[in-house]
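Below is one structure, written out as structure tokens; the observations come after it.
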Amino acid sequence: MFCVVLLFGCSPQSPSLASWQLVGNGAYGADLSVQGDLAAVSGDPEGVVVWDLKTQAPRYRLQMNVAPPDQAALTRGGYKPDERLPAQPLPVTLTRFSENGAYLVTADQTRLALWRTADGENLGYWQAGSYSGAPRVDQPGTSQVHSLRDVAVSNGGNFIAFARADGVIVHLNRISGRRLEFLGHSEKVNSIAMSANGLYVLSGGNDHRAMLWNTQTGQVQRPFPAEGRVVLVALTQDGRYAFVEDADNNALIWDIRSGQVKTRLATKAKQELFTSARFSGDGKRLLTGGPGRQLILWNLESGQRLWQRQVGVAEDYRPRSAVVYATAFAKDRVYSVSSAGLLEAWPLEKTDE
1 MFCVVLLFGC
11 SPQSPSLASW
21 QLVGNGAYGA
31 DLSVQGDLAA
41 VSGDPEGVVV
51 WDLKTQAPRY
61 RLQMNVAPPD
71 QAALTRGGYK
81 PDERLPAQPL
91 PVTLTRFSEN
101 GAYLVTADQT
111 RLALWRTADG
121 ENLGYWQAGS
131 YSGAPRVDQP
141 GTSQVHSLRD
151 VAVSNGGNFI
161 AFARADGVIV
171 HLNRISGRRL
181 EFLGHSEKVN
191 SIAMSANGLY
201 VLSGGNDHRA
211 MLWNTQTGQV
221 QRPFPAEGRV
231 VLVALTQDGR
241 YAFVEDADNN
251 ALIWDIRSGQ
261 VKTRLATKAK
271 QELFTSARFS
281 GDGKRLLTGG
291 PGRQLILWNL
301 ESGQRLWQRQ
311 VGVAEDYRPR
321 SAVVYATAFA
331 KDRVYSVSSA
341 GLLEAWPLEK
351 TDE
């Protein structure tokens with residue numbers, strides 16, 4: 001049973017235009033389409049639910065914990081014959097739309113699945129697996145399945161990328177079955193972003209490194225040095241600029257062509273870290289979300305914040321804090337979705353409070 005509640009002005013600290021309770025007991029993970037017309041949220045007991053924001057209603061529920069129908073499906077999806085689904089369902093913590101919103105990839109700790117958003121049809125399952133090459137000096141004991149850290153899917157749904165806790169990033173061609181393992185990181189990878197055509201991946205990790213690399217060759221096209229652990233990366237829709245944030249509170253917009261810093265965000269707190277970042281279509285603004293219910297709209301010419309909001313939580317929700325999982329731009333508003341299971345719409349321009 002889905003709860004669809006429309007609230008106006010849900011709290012003095014959350015002057016949103018409207019709010020929808022997408023799942024009842026909080027969300028494990030969520031994403032919003034670039035166009036701001038779809039939301040995917042993972043909760044318990046709902047599972048993964050895809051919402052149509054235009055009709056303000058759920059489209060369908062996705063079942064990650066249902067086994068593929070036959071061994072052929074397991075093989076197509078990247079499973080080995082001796083691999084099985086876990087005895088106990090794992091929560092889906094990662095949901096990512098393709099840039100055009102046509103595809104959605106979902107993942108728990110060890111498995112991922114691809115879906116077509118038009119009708120919710122499953123297009124394949126994959127295991128995270130372990131490094132298939134020689135043992136890595138920095139990661140001894142690679143026989144276990146490494147947990148997934150982030151995922152991405154291309155516009156056509158043909159290319160999927162996923163980052164693992166052992167520092168390996170895997171790029172899959174769903175049609176040909178080609179699999180490239182990128183070994184450019186020596187420590188845990190925290191965030192990845194893939195170009196719309198699937199030919200480039202931007203990645204960042206605990207090794208104080210962010211880099212843009214070619215998915216066909218595995219060669220690094222542009223390194224982005226960082227002072228601390230890289231916690232979040234993002235790309236503009238045209239692939240011209242990259243956002244890189246590290247744990248030392250450096251939030252930078254890089255010009256990929258020149259390799260120079262275009263803008264440094266004027267962050268205030270020493271530990272003002274973000275959990276999500278989305279560029280506007282014209283690349284002039286950035287909408288970030290963070291822990292502590294933080295939502296900030298940035299001007300990328302000046303690096304200054306245009307406004308700051310605090311996302312809402314339901315009256316009976318505990319804890320009273322929430323993490324902003326995803327943001328999106330629409331014509332005259334922006335959206336946020338948080339770990340409280342709330343989707344909120346906000347005025348794009350600053351208004352008097």
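Residue 303 in the UniProt record's numbering sits at position 303 of the sequence shown, with consecutive numbering throughout. Built from N, CA and C at the ideal position, the CB exists for glycine as well. Nothing here was measured: the structure is a model prediction, and the numbers come from that model.
Could you spell out the range, first to last residue, of the beta strand (DSSP E) harbouring residue i?
{"i": "Thr-327", "result": "324-329"}
{"i": "Thr-95", "result": "94-97"}
{"i": "Glu-187", "result": "From DSSP, Glu-187 is part of no beta strand (DSSP E); its letter is neither H nor E."}
{"i": "Tyr-103", "result": "103-107"}
{"i": "Pro-225", "result": "220-225"}
{"i": "Ser-338", "result": "333-338"}
{"i": "Asn-122", "result": "122-127"}
{"i": "Leu-38", "result": "38-43"}
{"i": "Thr-263", "result": "260-264"}
{"i": "Phe-274", "result": "Segment: none, Phe-274 is in no beta strand (DSSP E) and carries neither H nor E."}
{"i": "Ala-165", "result": "No beta strand (DSSP E) contains Ala-165, which DSSP labels as neither H nor E."}
{"i": "Met-211", "result": "209-214"}
{"i": "Ser-19", "result": "18-21"}
{"i": "Ala-27", "result": "27-32"}
{"i": "Pro-291", "result": "Careful: Pro-291 lies outside any beta strand (DSSP E) and carries neither H nor E."}
{"i": "Ala-242", "result": "241-246"}
{"i": "Ala-234", "result": "230-235"}
To the nearest angstrom, how far is the alpha carbon of residue i from that of residue j?
{"i": "Phe-329", "j": "Thr-110", "result": "31 Å"}
{"i": "residue 361", "j": "Asn-197", "result": "Lying before the first or after the last residue shown, residue 361 is absent from the chain, which here runs from 1 to 353."}
{"i": "Arg-264", "j": "Phe-224", "result": "14 Å"}
{"i": "Gly-312", "j": "Gly-36", "result": "19 Å"}
{"i": "Asp-332", "j": "Arg-278", "result": "16 Å"}
{"i": "Gln-308", "j": "Ile-253", "result": "19 Å"}
{"i": "Gly-24", "j": "Leu-342", "result": "9 Å"}
{"i": "Ser-339", "j": "Ala-39", "result": "13 Å"}
{"i": "Trp-51", "j": "Gly-26", "result": "16 Å"}
{"i": "Leu-7", "j": "Leu-180", "result": "Annotation note: pLDDT 35 at Leu-7 (below 50); position unreliable, no value reported."}
{"i": "Asn-206", "j": "Val-230", "result": "6 Å"}
{"i": "Gln-122", "j": "Asn-155", "result": "The question names Gln, but residue 122 is Asn in the sequence shown. Using only the alpha carbons, I get a separation of about 16 Å."}
{"i": "Ala-226", "j": "Asn-173", "result": "30 Å"}
{"i": "Thr-215", "j": "Gly-177", "result": "14 Å"}
{"i": "Lys-262", "j": "Ser-302", "result": "10 Å"}
{"i": "Leu-244", "j": "Gly-43", "result": "For the sequence presented, residue 244 should be read as Val rather than Leu. Straight-line Cα distance between these residues: approximately 29 Å."}
{"i": "Tyr-200", "j": "Leu-53", "result": "30 Å"}
{"i": "Asn-190", "j": "Gly-101", "result": "23 Å"}
{"i": "Leu-112", "j": "Gln-310", "result": "32 Å"}
{"i": "Pro-15", "j": "Val-337", "result": "15 Å"}
{"i": "Ala-118", "j": "Gln-56", "result": "16 Å"}
{"i": "Val-170", "j": "Ala-269", "result": "35 Å"}
Taking the CB atoms as reference points, tell me whether residue i and residue j lie closer together than 8 Å.
{"i": "Val-41", "j": "Val-34", "result": "no"}
{"i": "Phe-159", "j": "Gly-218", "result": "no"}
{"i": "Ser-147", "j": "Arg-164", "result": "yes"}
{"i": "Ser-203", "j": "Val-233", "result": "yes"}
{"i": "Val-334", "j": "Pro-291", "result": "no"}
{"i": "Phe-162", "j": "Ala-128", "result": "yes"}
{"i": "Lys-350", "j": "Leu-295", "result": "no"}
{"i": "Ala-247", "j": "Thr-267", "result": "no"}
{"i": "Met-64", "j": "Val-105", "result": "no"}
{"i": "Leu-327", "j": "Ser-280", "result": "According to the sequence as given, residue 327 is Thr; it is not Leu. For Thr-327 and Ser-280, no; Cβs fall outside 8 Å."}
{"i": "Leu-17", "j": "Pro-347", "result": "yes"}
{"i": "Ser-321", "j": "Arg-293", "result": "yes"}
{"i": "Leu-300", "j": "Lys-284", "result": "yes"}
{"i": "Gly-120", "j": "Tyr-28", "result": "no"}
{"i": "Tyr-125", "j": "Arg-116", "result": "no"}
{"i": "Tyr-325", "j": "Ala-30", "result": "yes"}
{"i": "Leu-62", "j": "Gly-47", "result": "yes"}
{"i": "Gln-237", "j": "Glu-99", "result": "yes"}
{"i": "Glu-344", "j": "Ser-19", "result": "yes"}
For residue i, which residues in the same chain have their Cβ closer than 7 Å to its Cβ, ignoring the five residues on either side in sequence?
{"i": "residue 373", "result": "Outside the displayed range of the chain (1 to 353) lies residue 373, so it cannot be described from this structure."}
{"i": "Gly-184", "result": "Met-211, Trp-213, Val-220"}
Less than 6 Å between C-beta atoms, sequence neighbours within five positions excluded: which residues of the same chain meet that for residue i?
{"i": "Ile-175", "result": "Asn-158"}
{"i": "Ala-107", "result": "Leu-94, Leu-148, Val-151"}
{"i": "Leu-90", "result": "Asp-108, Gln-109"}
{"i": "Thr-288", "result": "Phe-274, Ala-277, Ile-296"}
{"i": "Asp-282", "result": "none"}
Can you tell me which of the three DSSP states residue i falls into?
{"i": "Glu-349", "result": "coil"}
{"i": "His-171", "result": "strand"}
{"i": "Ala-196", "result": "coil"}
{"i": "Tyr-317", "result": "coil"}
{"i": "Val-311", "result": "coil"}
{"i": "Glu-344", "result": "strand"}
{"i": "Pro-91", "result": "coil"}
{"i": "Gly-281", "result": "coil"}
{"i": "Trp-51", "result": "strand"}
{"i": "Tyr-79", "result": "The predicted position of Tyr-79 is uncertain, since its pLDDT is 34 and thus under 50; a value taken from the coordinates is nonetheless stated next. It is coil, neither helix nor strand."}
{"i": "Arg-257", "result": "coil"}
{"i": "Pro-58", "result": "strand"}
{"i": "Ser-147", "result": "coil"}
Could you pull out every residue in the same chain whose Cβ sits closer than 8 Å to the Cβ of residue i, ignoring the five residues on either side in sequence?
{"i": "His-208", "result": "Pro-225, Ala-226, Glu-227, Gly-228, Arg-229, Val-230, Asp-246"}
{"i": "Gly-239", "result": "Ser-195, Ala-196, Tyr-200, Ile-256"}
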